[in-house]
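By the count of my numbering, the sequence shown reaches residue 972 at its end, each step adding exactly one.
Quick reminder that beta carbons are idealized off the backbone N, C-alpha and C, glycines included.
Each remark here refers to the structure printed beneath this line.
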Amino acid sequence: MRNSNTNNWRSTALIAGAILTAGVVTTTSTTDVHADNSQNNAQVSNDQVTYNQVRATADQQLAQLQSANDSKEAQQATANEQSNAADLAQTNAQIDQLKASHTALEQEQAGAIAQAQASTAASIEAQTSAANAEYQQQINAQQQNEATQRAANDQQYAQAVSQAAENQQAVADINAQYQQALSDAANTQTSQAQAAANNYNSAVAKENDTYQGKLSAQKATNAENIKNAEASLASVTANANKPYEVATTNDVAVTGRVAKPQTDVKVPAYVTKYGIHLEVRGYNGAIPVSDYIYPEFANTYYGEYPDSAVITSKAAESTPHDISEMPLDFQPGLLSYDAKNDHSEKVSADGLTADQVQVLRALALSWENGFRNNVFKNYREFYNAVNKNDGFVNVAPVDLVSTDFTDNIANQVVANRTKYNVDNNSHTVKDSGMPTEATYSSIINNATQNLQKSLTSEFNGKTVYTDVNENLTTMQAGTPTLLNYAINLYNSMQGMYYGELVNPTHIGGHAVNLLRAGVRTVGIGFQKLTDEMTAKNGSGVSDRKNPSYAVTFDHIGFNINHDANLTKEVQNRNVWGTSSVDAQLNTIKTAQYHVNKVPGTKMVTPTATDVQKATVSEQQKLADVKAQAQQSLDALASAHQANLNKLEQQYNDAKAQVKANYDAAVTKAASVRDAALKATGAVDLQAYKAQLDSAYQNLVKADQVAAQKLAADRDAKIANIKKTENAKLDAKINELVPSIDPQIKQLQDQHQAVIAHGDAVLAELRAENKAAYNKLAEQFNVQLAAIQQREDAKRANEVRLANNTVVLPSAVEAANDGNVDTVAFPTASNLLQAETTGRVQTVSAPSIVKTATQTPIAVAPVVTTVNHAAENTVKSNESSAPVVTQTATVAATTNNGTQTSVASTADNKATKADNSEKSVVKADTVAKKQTPAKKSESSQKVDQSSMSIVALAATALLGTLGITYSSKKRHN
Numbered sequence: 001m002r003n004s005n006t007n008n009w010r011s012t013a014l015i016a017g018a019i020l021t022a023g024v025v026t027t028t029s030t031t032d033v034h035a036d037n038s039q040n041n042a043q044v045s046n047d048q049v050t051y052n053q054v055r056a057t058a059d060q061q062l063a064q065l066q067s068a069n070d071s072k073e074a075q076q077a078t079a080n081e082q083s084n085a086a087d088l089a090q091t092n093a094q095i096d097q098l099k100a101s102h103t104a105l106e107q108e109q110a111g112a113i114a115q116a117q118a119s120t121a122a123s124i125e126a127q128t129s130a131a132n133a134e135y136q137q138q139i140n141a142q143q144q145n146e147a148t149q150r151a152a153n154d155q156q157y158a159q160a161v162s163q164a165a166e167n168q169q170a171v172a173d174i175n176a177q178y179q180q181a182l183s184d185a186a187n188t189q190t191s192q193a194q195a196a197a198n199n200y201n202s203a204v205a206k207e208n209d210t211y212q213g214k215l216s217a218q219k220a221t222n223a224e225n226i227k228n229a230e231a232s233l234a235s236v237t238a239n240a241n242k243p244y245e246v247a248t249t250n251d252v253a254v255t256g257r258v259a260k261p262q263t264d265v266k267v268p269a270y271v272t273k274y275g276i277h278l279e280v281r282g283y284n285g286a287i288p289v290s291d292y293i294y295p296e297f298a299n300t301y302y303g304e305y306p307d308s309a310v311i312t313s314k315a316a317e318s319t320p321h322d323i324s325e326m327p328l329d330f331q332p333g334l335l336s337y338d339a340k341n342d343h344s345e346k347v348s349a350d351g352l353t354a355d356q357v358q359v360l361r362a363l364a365l366s367w368e369n370g371f372r373n374n375v376f377k378n379y380r381e382f383y384n385a386v387n388k389n390d391g392f393v394n395v396a397p398v399d400l401v402s403t404d405f406t407d408n409i410a411n412q413v414v415a416n417r418t419k420y421n422v423d424n425n426s427h428t429v430k431d432s433g434m435p436t437e438a439t440y441s442s443i444i445n446n447a448t449q450n451l452q453k454s455l456t457s458e459f460n461g462k463t464v465y466t467d468v469n470e471n472l473t474t475m476q477a478g479t480p481t482l483l484n485y486a487i488n489l490y491n492s493m494q495g496m497y498y499g500e501l502v503n504p505t506h507i508g509g510h511a512v513n514l515l516r517a518g519v520r521t522v523g524i525g526f527q528k529l530t531d532e533m534t535a536k537n538g539s540g541v542s543d544r545k546n547p548s549y550a551v552t553f554d555h556i557g558f559n560i561n562h563d564a565n566l567t568k569e570v571q572n573r574n575v576w577g578t579s580s581v582d583a584q585l586n587t588i589k590t591a592q593y594h595v596n597k598v599p600g601t602k603m604v605t606p607t608a609t610d611v612q613k614a615t616v617s618e619q620q621k622l623a624d625v626k627a628q629a630q631q632s633l634d635a636l637a638s639a640h641q642a643n644l645n646k647l648e649q650q651y652n653d654a655k656a657q658v659k660a661n662y663d664a665a666v667t668k669a670a671s672v673r674d675a676a677l678k679a680t681g682a683v684d685l686q687a688y689k690a691q692l693d694s695a696y697q698n699l700v701k702a703d704q705v706a707a708q709k710l711a712a713d714r715d716a717k718i719a720n721i722k723k724t725e726n727a728k729l730d731a732k733i734n735e736l737v738p739s740i741d742p743q744i745k746q747l748q749d750q751h752q753a754v755i756a757h758g759d760a761v762l763a764e765l766r767a768e769n770k771a772a773y774n775k776l777a778e779q780f781n782v783q784l785a786a787i788q789q790r791e792d793a794k795r796a797n798e799v800r801l802a803n804n805t806v807v808l809p810s811a812v813e814a815a816n817d818g819n820v821d822t823v824a825f826p827t828a829s830n831l832l833q834a835e836t837t838g839r840v841q842t843v844s845a846p847s848i849v850k851t852a853t854q855t856p857i858a859v860a861p862v863v864t865t866v867n868h869a870a871e872n873t874v875k876s877n878e879s880s881a882p883v884v885t886q887t888a889t890v891a892a893t894t895n896n897g898t899q900t901s902v903a904s905t906a907d908n909k910a911t912k913a914d915n916s917e918k919s920v921v922k923a924d925t926v927a928k929k930q931t932p933a934k935k936s937e938s939s940q941k942v943d944q945s946s947m948s949i950v951a952l953a954a955t956a957l958l959g960t961l962g963i964t965y966s967s968k969k970r971h972n
C-alpha cells in the first residue's frame, strides 16, 4: 500500500504500510472430513425402517459382544498372571527348602566325608609308592645290564691287544716296505707337477703380450669417436640456449559496475518525531526510530515510497544503469534511479514478458537469499529469535530455490488472484473474496500433498511441520523499463524485510516469514493490477501510466520434528524441481565479473628443461659412442679372459693327471701292505675297539627309549589310580549327601508348564471370542441383505406420476393382503447367562482352569412396521425392535439410499490381540442413513383438491385396474 499522492507522500507515510503478510505453520495430521447429507421430505418405506432397526440392533449387539469378549480376555490374562506369580513363589520356596536341607545334610555328614577323603588320600599314596618302586626296579635292571656289557667289551679288547704284541716285528717290516713305496710315488709326483707349471706360465706370458697390443689400438680409436660426439653436442646445446619469440594468450579479469545501496540516509526530524509506519507486531501505530537497534534498518523504510527524495537523489554509486549492475547480495540500503542513464530493455504497455518476469524472479530470489544469509551472518540475534523453537538456533539456513515447480504455483496464485479480482492490498486467502480451493495455501497443499504424505510416512513417530506463508508487495515504474521495475522492487523489499527488523523482540511478519529456516522454495508471482485496483484509495501506486504489479512471495518448506539435521537432509533432496532462474542469474554474474583472453607475443628464455629436450638426441649419440667404446674394450677383455681360462684348464688337467698317477701308486702300495698283514693274522686294534664301543652305545640308546616308555606307563598307572579312587570318593560323598540338581530342574520345568498352559487357555479363549463375533456379524449381514432385496423388489412395482407414486399390485401384497410383514431372527441369548458362563476362573498352581467357552449371542427378533396407505396406522401385533446388549457397526448406508453390508474382515474384527490393543469400528467413519420422522396422518393423505383433472382421471383409471395409489415420494 504505497502512497498514491506523489505531492504529499510525507503525510500519507503515517498510513499503515501496504506490504502485507500471511503465514501458516501447520502440523501435518490426518483429519476425517464429514459431509452433511440433506434429507428431503420423502417418506421412508417400511423396509427402510426395518433395515434401520436391524442395523441399530446389530450395532448394539456386536459392540456389547466385543466389550464382553475384551473383559473376559482381560480377566483370563489377569488370572494367568496371578497363577504364574503364585506358582513361581511356590517353586522358589520349594527350591530354597531343598537347598536348606542339602546344606544341613552336608554339615551333618561332614565327619564321614572327611574320613572318606582321608582314606582315599592314603590309598592313592600307597598305590603311587608301589608304582614308583616298580619303575625304579626296572631302571636298576637296565643299568646292571649296561655294566655287564661294558665289562665284556673291555675283556675282548684286552685279548686283541695281547695277540697283536706277538706279531709286532712282522708288521714292522711290512710297514717299512709300504713307506718306501709312498716316498717313491711322491718324488715322481713332484717332477711331473713342475713340468706342467713351467708350460702353463710360458703360455700365459705370451697371451698377456698379445692382449696389451690390441687394447692400446682400441683405446685410441675410442678416444677419437668420443671427441667428435662431444663437439656435436656442444654445438646443439649452444643453439638450444638462444632466446626465441612465442604467441601468448593472457587472462584479463573484467569487473563490471555494481551499484552500492545508500546506507547513510538521514532520517528527517518529523519521522523521528512521529515514527515509521510499517507492519510490525507490537506497534499499533508508528514505530519510534529510537527502537531500531540498527539505524540503517530504519532508513530502508523509504523503499516503500518510490517518489521519496532519498531515492530520487540519484547518488552516482547507488544508481544502476542496467540490470547487470543490480546488486545480488541485498545489503541494507536503497538504490536510486536515473531514467537518462537507463540502458535496460523496455517494458511494453501490455506489461512484462515471460522472459522479463524470469529476470525479476532471479533477482528477487537472490535478494531473499541475500537477506537470510546476511541476517544470519551479521545480525544473528534476529535469526535466532525467529527460529528459537524450530531447532535452527545458530544453524545456517539452506538457500531458497525458484524452480519450474514453484513457478507453476506462482502462476496459479496469479491466475486465481486475477480471476477473483484480488488487489495488491489483499492476500491470496479466503477473506479476500475467493473460494478456499483458490487460496495460496490450497494451491501449495495440492502441489505438495504427495511429498507431505511421503515425509509423514518416512518419519513415522516424528512431527512433520509444514512451513507455508505468503508475503505481498507492490511493484511499479515511472519509466517503463525493466531496470526501473527492478529498482522499485529492490527498494520495496528493503522496507519489507530490513525495515521490519526493529529489535529481536519486535520483528515484522514479512521478515519472520522469510527468516524461517524450514522454508526451502519460493514461488514469486507478478499479478498485473487493473486500473480499478490502482485507482483505489490506498493502493500505493503513484504513477498509473505504466502497468503496476502485486508481487507475491509464496514460501514452502517442511521442518522435520524441529531437528535441523533431518530438516536439512530433506531440503537438500532432489524433490523441489529444476531451477528456472540459473541462466538469468549467471548472465548477471558474468557481466559483474568475468575473464577475457587477450592474444600477444613474448621472448622466451629456454629453461634447463627446454635445453635438455632440444639436446636429448645428441646426448643419446654421445652416450651411444661411449657405450660402444666400452663394449669394444669389454670384448677384448672377454676374449683375453677366455684364453687365460683355457690355459688354466689345461694346467688343471695336467695337475689332475699327476695326482691320479700318485694316487694309483699309493693304492697299489696299500694293497701290497694289507695282503702281507693279512697273511700274518694281525688285527686293527683301533677299528676293533670302535666296533665294541658302537655296540655298547646302541645298548644304551635302546635302554633310554625303554626307560621313557616305563616312565609313561608309570605316570598313566598313577593317573588311573587317582581317577579310580576319586570316583569312589565322589560316589561315597553322593551316597552320604545326594545331589538336589535333578529335583530343582524338575520344579523349574513344572513352573514353565504352568505358564505355557495359561497362554494356551488365553489363546483358545481369544479364538472362540473371535469366531463368536464373526458368526454374529455374518447373521446380521444376511438379514440386512434380505431386507435390501425385498426393498428393491417392492420398488420395482412403483411408477412415478408427476409428484406422486403409483404402486402396482405385487404377488407379495396379494399374498399378505395387507397383513404386517415380519422378519424372524434367531432368539437372543440371555446376557446375564452369557456373562456367567464365560466368567474368568481363578487359576491355581500347578494346573490352570480354562474359562468356559464363549456363548454366541444371537440376533434379537425384529418386527417391521408397515404403514398402509388406506390405514396409516400400526396394527396391534406390531412391535419395535427390543434393545440388545451387544452392538457394533455392521452396515453402512450410501447417499443414494442403498444399504451395503459391512463384511467382517481381518482388519475389522473385534477380538483383542492383547490386553492393550483392540480393533474397533469407528462410528463416525460410517455415513449413517438418516431416518426422517413419521409424517402426520393428515400429511400422508392425498390432497384430492390439489390434484389436476388429469391426475384424477388417471387415478380413477388405475382404480378400475385394481392399482393402489400412494402419496409417498420415492426415497433418493
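Distance from the CA of S441 to the CA of N299, rounded to the nearest whole angstrom, comes to 33 Å. In this structure, the CA atom of A753 is about 26 Å from the CA atom of H102. Inter-residue distance for N92 and V782 is about 55 Å (C-alpha atoms, whole angstroms). A distance below 6 Å between beta-carbons, with the five flanking residues on each side excluded, links D563 to the following residues of its chain, in chain order: G391.
Within a 10 Å sphere around the beta-carbon of V161 sit fewer than 16 other beta-carbons, which makes this residue exposed.
Per DSSP, reduced to three states, the secondary structure at V616 is helical. Counting the other Cβ atoms within 10 Å of the Cβ of A511 gives 16 or more, which makes it buried.
Listed in chain order, the non-local C-beta contacts of F382 below 8 Å within the same chain comprise V375, L501, P504, I507, A511, L515, local neighbours out to five positions each way being set aside.
If you draw a straight line from the Cα of Q262 to the Cα of A247, it comes to about 47 Å. Using a Cβ distance threshold of 9 Å, N574 and T567 do not count as a contacting pair.
According to the DSSP secondary-structure assignment, T481 is paired through a beta bridge with K346.
Here the C-alpha atom of N341 lies approximately 19 Å from the C-alpha atom of T255.
Straight across, the Cα-Cα distance linking G333 with I443 is about 34 Å. Inside the region 603-669, DSSP marks no whole beta strand (DSSP E) run of 3 or more residues. One thing to note: A665 has its Cβ no nearer than 9 Å to the Cβ of I174. The C-beta distance from T615 to A229 rounds to 12 Å, too long to meet the 8 Å contact threshold. Counting of Cβ neighbours within 10 angstroms places Q136 among the exposed residues, the total staying below 16. The straight-line gap separating the alpha-carbon atoms of Q748 and A79 is approximately 20 Å. The beta-carbon separation of N153 and L692, rounded to 4 Å, stays under the 8 Å limit for a contact.
When only Cα atoms are considered, A193 and K655 end up about 6 Å apart.
Under the three-state reduction of DSSP output, Q494 falls in the helix class.
Distance from the Cα of T57 is smallest, within the candidate group F780, L98, K775, for F780.
If you look at G111, you'll find it in the alpha helix (DSSP H) that goes 110-166. Of the other Cβ atoms in all chains shown, fewer than 16 fall within 10 Å of the Cβ of H343; this residue is therefore exposed. Classified as exposed, H594 has fewer than 16 neighbouring CB atoms from the shown chains inside 10 Å of its CB.
When DSSP reads this structure, M475 sits in a beta bridge with Y549. DSSP places D251 in the uninterrupted beta strand (DSSP E) bounded by 244-255.
In the DSSP assignment, T521 falls within the beta strand (DSSP E) that extends over 519-528.
Within a 10 Å sphere around the beta-carbon of R55 sit 16 or more other beta-carbons, which makes this residue buried. Contact annotation: N411 and L529 have beta-carbon atoms that are not nearer than 9 Å. The alpha carbon of E325 has as its nearest neighbour, out of K745, Q592, M603, K689, the alpha carbon of Q592.
In summary, A777 is buried, with 16 or more beta-carbon neighbours lying within 10 Å of its beta-carbon over all protein chains present. In this structure, DSSP gives N389 a state outside helix and strand, which the three-state scheme calls coil. DSSP places H751 within a helical segment (H, G or I) once states are collapsed to three. By DSSP's assignment, Y593 forms a beta bridge with T255.
Judged by beta-carbon spacing, N421 lies within the 9 Å limit of M533, meaning their Cβ atoms are closer than that value.
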